[in-house]
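Numbering (our numbering), first residue to last: 4 to 278.
Even glycine gets a Cβ: it sits at the ideal position worked out from N, Cα and C.
Since this is a predicted model, take the numbers as computed values, not measurements.
To start, the structure itself, in structure tokens.
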Amino acid sequence: MQPLAPSALWEIATPSPSSRLPGVAMAGFRARGAADLGVVPFPAVTLAIDLGPEPLVVAGDGRQVRGSTVIGLSRGGLRGGGRDVHCLQVRLSPVVAHAVLEGFTSESAPLAGWDEVWGRGAVQLEEQLRTAASWEQRFALLADALTTRRTEGRPMDAEVAYAWRELTRSHGTARVDALAAEVGWSRKRLWSRFRSQLGLPPKQAARLVRFDHAAHRLAAGAHPATVAAEAGYADRSHLHREITDFAHLTPSAVAREPWLSVDDVAWSAPGYLRG
4 MQPLAPSALW EIATPSPSSR LPGVAMAGFR ARGAADLGVV PFPAVTLAID LGPEPLVVAG
64 DGRQVRGSTV IGLSRGGLRG GGRDVHCLQV RLSPVVAHAV LEGFTSESAP LAGWDEVWGR
124 GAVQLEEQLR TAASWEQRFA LLADALTTRR TEGRPMDAEV AYAWRELTRS HGTARVDALA
184 AEVGWSRKRL WSRFRSQLGL PPKQAARLVR FDHAAHRLAA GAHPATVAAE AGYADRSHLH
244 REITDFAHLT PSAVAREPWL SVDDVAWSAP GYLRG
């Protein structure tokens, strides 16, 4: 485990290079006592596989899920926590999620139980992860399961995957018209195929990626005016509106969110998003 500062709740474990997969990031989390935190929107589909003695609880969008949970590319307003939380969290590039989570879309079901989405074998795999002797063994078990499902899963249009990679590479500033021209499609066709396969229209996905970049810059201590200019917002007011729309928080509140404070420890290789 890699412990955070003494004042922090979380102990975090990360996998060795042998357990890492393209488009996938994994981390193990353990918190002593009660934990409650907001879920900051993020441009990846998140699996929170519950390994603790008491159920993990995630609530929002008019729904509450107890136990292992799937969180889509959703807006803010979600909260997660419980007592003595112990979970394996996985972030999937939407390209990978399309293949391994058949039937799940961020637009129609931004919050779901893992067994609903994974289907047959979810209970058995969760039990194997619970009884594994180490975090590294858990990471390897899940990596094998994800590799199998991706091989057998739904293919994604190469053009859609390219558009997603360009949106993440540009921190959400790439223009949809230009991306459509690059792949040889009409704007309407790219919009339709992107939305059907990733669960969000490309403009909304671009806003989410740009929001994520801005939120992390704010958490790192950058001034809001500087962040607005760097991230391509019209001005500081535009940044404020976008942060509030996605996170239901002000920029200064987002900068203090515990969810963001662990990112440099748990998710040290952001390139996995392009998967």
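Residues near residue i in its chain [Cβ-Cβ closer than 7 Å; skip 5 each side]
i	result
R213	H174, G175, T176, A234, G235
D238	A231
P204	W194, F197, R198
R190	V179, D180, A183
W138	A16, G31
R133	L54
S19	E139
W117	L50, I52, S71, T72, V73, A125
Per DSSP, cross-strand counterpart(s) of residue i
i	result
F32	I15, C90
R82	G41, A62
L263	In the DSSP output, where bridge partners are listed per residue, L263 has none listed.
L24	V27
Residues near residue i in its chain [Cβ-Cβ closer than 8 Å; skip 5 each side]
i	result
G243	Position check: residue 243 holds His in this sequence, whereas Gly was assumed. Around H243: P227, T253, P254.
D160	R196, Q200
V27	V93, R94, L95, S96, V99, A146, L149, Y275, G278
R210	G175, E245, F249
V257	V43, A218, L221, A222, I246, A250, L263
Assigned exposure category for residue i - 16 Cβ within 10 Å defines buried
i	result
D53	buried
A8	Note on A8: pLDDT 36, under 50, position unreliable in the model; the coordinate value appears next. Under this definition A8 is an exposed residue.
H241	exposed
Q127	exposed
R123	exposed
G65	exposed
G41	buried
T218	Note that residue 218 is Ala in the sequence shown here, rather than Thr. Per the 10 Å Cβ criterion, buried.
S71	buried
E57	exposed
R35	exposed
T49	buried
S10	At S10, the pLDDT of 36 sits below 50, so the modelled position is not reliable; the number obtained from the coordinates is stated separately. Looking at its Cβ environment, which holds fewer than 16 other Cβ atoms inside 10 Å, S10 is exposed.
G63	buried
Simplified DSSP state of residue i, which is helix, strand or coil
i	result
A37	strand
T49	strand
T72	strand
L54	coil
R66	strand
W270	coil
S240	helix
T253	coil
H216	helix
A209	helix
A136	coil
A258	helix
V223	Contrary to the premise, residue 223 reads as Ala rather than Val in this sequence. Reduced to three states, the DSSP call for A223 is coil.
Close beta carbons around residue i, own chain, < 6 Å, minus the five adjacent residues each side
i	result
A143	S22
R152	V103
E130	none
R69	P58, V60
A115	V73
G79	P44, F249, A250, H251
Any chain B beta carbon closer than 8 Å to residue i
i	result
A256	Note that chain B does not occur in the displayed structure, where there is just one protein chain.
Q) Which ranges does the alpha helix (DSSP H) cover as unbroken runs of at least 4 residues, wholly within the region 96–131, from first to last along the chain? A) Entirely contained in the region 96–131, the alpha helix (DSSP H) runs reaching 4 residues are, in chain order, 97–103, 117–121.
Q: Please list the segments of the alpha helix (DSSP H) lying wholly inside the region 146–205, counting only runs of 4 or more residues, in order along the chain.
A: Whole alpha helix (DSSP H) segments, 4+ residues: 161–172, 179–186, 190–201.
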